[in-house]
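*Asks:* In case it helps, the numbering used here puts the sequence shown at residues 500 to 646. The beta-carbon is built from N, C-alpha and C at its ideal position, and this holds for glycine as well.
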Amino acid sequence: MVRADVTSPLRSLTFPVLELILITGLSWILIGWLDRPEAVVDMQLRNGVVVVWFLLALWRFGLPLLRSRRRRFIVTDRRIVVRDGALRSRVDSIPLRDVRAVSRRRRGISLAISGFARPLYFPDVPKTKKVAGLIESSLPPRPGHYR
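(1) Alpha carbon to alpha carbon, how far is Pro563 from Leu557?
(2) Would you please state the rounded distance, in angstroms, between the beta carbons of Arg578 and Pro594? I believe it to be under 8 Å.
(3) Name the residue from Val516, Trp552 and Ile573 whose alpha carbon lies nearest to the alpha carbon of Trp527.
(4) Which residues does DSSP pair with Pro594 in a beta bridge?
(5) State the start and end residues of the unbroken beta strand (DSSP E) segment that holds Arg566.
(6) Using a Cβ-Cβ cut-off of 8 Å (strictly less than) and excluding sequence neighbours within five positions of Leu638, which residues of its own chain qualify?
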């Protein structure tokens with residue numbers, strides 16, 4: 500049973516949106532300057548500027564948007580499933596029986612896993628307090644430990 504299914508927060512797109520506005524403004528100012536009536540400019544130059552604008556917008560906004568929407572953090576009643584935002588990302592599955600502790604840190608979640616010397620840190624998980632609480636409440640009881 501899925502208890503939480505979250506993706507990157509929209510605040511992770513703040514700088515890509517600002518870059519898109521800047522790139523669009525500067526590019527279309529240049530295109531407007533090339534289109535003025537007294538200028539005789541080759542149409543291939545103008546179309547080249549449009550293509551450069553499109554490629555920059557895709558690189559600086561489209562790819563970060565795609566990465567942020569692909570990033571997932573799922574908590575079920577038996578495991579935690581994490582998918583990174585890369586285009587060919589792999590999915591990590593962590594059984595809840597292997598989780599020793601969970602904590603929140605800097606908009607992310609840190610999980611202490613059996614067999615790992617250091618905790619695993621997952622940045623930019625939205626609703627960290629709620630998700631950490633769900634993980635904590637889903638952990639199986641341990642002998643000698645009280646909640």
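*Replies:* Taking the structure as given:
(1) Those two C-alpha atoms are separated by around 9 Å.
(2) Arg578 to Pro594, Cβ: 5 Å. Contact.
(3) Distances from the alpha-carbon of Trp527 to those of Val516, Trp552 and Ile573 put Trp552 closest.
(4) Partner(s): Arg578.
(5) Per DSSP, Arg566 belongs to no beta strand (DSSP E); it is in the alpha helix (DSSP H), Leu562 to Arg569.
(6) Within its own chain, the residues whose Cβ lies closer than 8 Å to the Cβ of Leu638, once the five positions on either side in sequence are excluded, are Leu595, Val598 and Val601, listed in chain order.
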